[in-house]
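Asks:
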Amino acid sequence: MAQPHYNSMPARGHGTAPSFNPSKPRELPRYFTELKFLFASCGVTKNAKKKALGICYVDYNTSEQWLSILEYQPYDLLYSYDNWKHTVISLYPGANAATKYSMADLDQIMGKAARTDIKTIGQFADYYRKFYQVSKWLTNSGRIGSLKRDCFFQNGLGPSLWSNIQHQLSIVERDVRPGDPYTMTQMKAAAKFVLHGTNTSMNGTKYSQQTPRLYA
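Quick look at the structure:
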């Protein structure tokens, strides 16, 4: 019976090697996911070898920290690779799926957008993507309701842009009662209309010849 053929694990620093930046803790689960696929394709099954390879692709200081973890003990029957991996993840706030985002993250995105004074469709799209990513997780986790989410999103638009969006919405969304908030979907559609023809780049220092539709 022919023996299965396995690939070799990539060298540290190689383009196909996994990597982890400690300043970006949310990327840690992806690092371990990449390792998981490599272990499968390279036939790595022993706990001790998995642990050794787990610290192989990180910087020196990080590897020293991960080596000092009790569960790193290279004895397969004492602590498994998964035991060690879970302990590593617990050291990085934000890496755990249960605490991936917080209201502080959403507030930071909103505040930065408000200070940017959005003037182009590119800037708006950048704000929308970042806000949607975090708010979607918080909504699904029951951390924030849709009404509060929509109010937060509106606050990030800034007074000038919001004034023009609100005018557009008053025309196309006549069923919304005065004082009731608009949804993110409605605000997005209005923003695309108001900012039509502006620069699609996130860089707000350059503009196309067209300017946002302004309302007196």
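When we follow our numbering, the leftmost residue of the sequence shown carries the number 265, and every step to the right adds one.
C-beta: ideal position from N, C-alpha, C; glycine also.
Just so we're clear, the structure is a prediction, and the values are computed from it rather than from any experiment.
What does the alpha-carbon distance come out to for the pair Phe388 and Tyr365?
Replies: As a position in the sequence shown, residue 388 is number 124, starting the count at 1. As a position in the sequence shown, residue 365 is number 101, starting the count at 1. Distance between the alpha carbons of Phe388 and Tyr365 is about 21 Å.
Asks: Using a 10 Å radius around the Cβ and a threshold of 16 neighbouring Cβ atoms, would you call Ser332 buried or exposed?
Replies: Translated into the one-based positions of the sequence shown, residue 332 becomes position 68. Exposed, since its Cβ has fewer than 16 Cβ neighbours within 10 Å.
Asks: Give the single residue among Cys320, Tyr324, Trp426 whose Cα lies nearest to the Cα of Phe457.
Replies: Numbered from 1 along the sequence shown, position 193 holds the residue referred to as residue 457. Minimum Cα distance to Phe457 is reached at Trp426.
Asks: Got a sec? Which residues, its chain only, sit under 6 Å from Thr326 by beta carbon, not counting five neighbours each side?
Replies: By one-based count along the sequence shown, residue 326 stands at place 62. Cβ neighbours of Thr326 beyond the five flanking positions: Pro286.
Asks: Can you name the start and end residues of the alpha helix (DSSP H) that Tyr345 belongs to?
Replies: In the sequence shown, residue 345 corresponds to position 81, counting from 1. Run containing Tyr345: 345–354, per the alpha helix (DSSP H) assignment.
Asks: Provide the residue span of the alpha helix (DSSP H) that contains Lys364, from first to last.
Replies: Counting from 1 along the sequence shown, the entry for residue 364 is found at position 100. No alpha helix (DSSP H) contains Lys364, which DSSP labels as neither H nor E.
Asks: One question on the structure: do Leu459 and Ile373 come within less than 8 Å of each other, judged by their Cβ atoms?
Replies: Position 195 of the sequence shown holds residue 459. Position 109 of the sequence shown holds residue 373. Cβ distance not < 8 Å, so Leu459 and Ile373 don't count as in contact.
Asks: Pick helix, strand or coil for Pro282, following the three-state DSSP scheme.
Replies: Position 18 of the sequence shown, counted from the start, is the residue given in the question as residue 282. Three-state DSSP puts Pro282 in coil, outside helix and strand.
Asks: Can you tell me whether Thr462 is helix, strand or coil according to DSSP?
Replies: Position 198 of the sequence shown, counted from the start, is the residue given in the question as residue 462. If DSSP states are grouped into helix, strand and coil, Thr462 belongs with coil.
Asks: I need the straight-line Cα distance from Ile382 to Ala368, nearest angstrom please.
Replies: One-based indexing of the sequence shown puts residue 382 at position 118. One-based indexing of the sequence shown puts residue 368 at position 104. Using only the alpha carbons, I get a separation of about 21 Å.
Asks: State the start and end residues of the unbroken alpha helix (DSSP H) segment that holds Glu298.
Replies: As a first step, residue 298 must be located in the sequence shown, where it is residue number 34. Here the alpha helix (DSSP H) through Glu298 covers 292–306.
Asks: Cα separation between Gly422 and Val352?
Replies: The residue you call residue 422 lines up with position 158 of the sequence shown. The residue you call residue 352 lines up with position 88 of the sequence shown. Between Gly422 and Val352, the C-alpha separation is close to 41 Å.
Asks: Which value, in whole angstroms, describes the spacing of the CA atoms of Tyr396 and Leu341?
Replies: As a first step, residue 396 is located in the sequence shown; it is residue number 132 there, counting from the start. As a first step, residue 341 is located in the sequence shown; it is residue number 77 there, counting from the start. Answer to the nearest angstrom: the Cα atoms are 44 Å apart.
Asks: To the nearest angstrom, report how far apart Tyr295 and Thr447 are at their CA atoms.
Replies: Taking the sequence shown and counting its residues from 1, the one referred to as residue 295 is at position 31. Taking the sequence shown and counting its residues from 1, the one referred to as residue 447 is at position 183. The straight-line gap from Cα to Cα measures roughly 36 Å.
Asks: Would you kindly work out how many angstroms separate the C-alpha atoms of Leu292 and Phe284, rounded to a whole number?
Replies: The residue you call residue 292 lines up with position 28 of the sequence shown. The residue you call residue 284 lines up with position 20 of the sequence shown. Spanning the two alpha carbons is a distance of roughly 6 Å.
Asks: Would the beta-carbon of Tyr270 fall within 8 Å of that of Gly307?
Replies: As a position in the sequence shown, residue 270 is number 6, starting the count at 1. As a position in the sequence shown, residue 307 is number 43, starting the count at 1. A contact, by the Cβ cut-off of 8 Å.
Asks: Could you give the distance in angstroms between the alpha-carbon of Gly279 and the alpha-carbon of Pro357?
Replies: Within the sequence shown, numbered from 1, the residue matching residue 279 stands at position 15. Within the sequence shown, numbered from 1, the residue matching residue 357 stands at position 93. Rounded to whole angstroms, Gly279 to Pro357 spans 28 Å at the Cα level.
Asks: Whole angstroms is fine: what's the gap from Lys313's alpha carbon to His350's?
Replies: Here residue 313 is taken as the residue at index 49 of the sequence shown, counted from 1. Here residue 350 is taken as the residue at index 86 of the sequence shown, counted from 1. Distance between the alpha carbons of Lys313 and His350: 17 Å.
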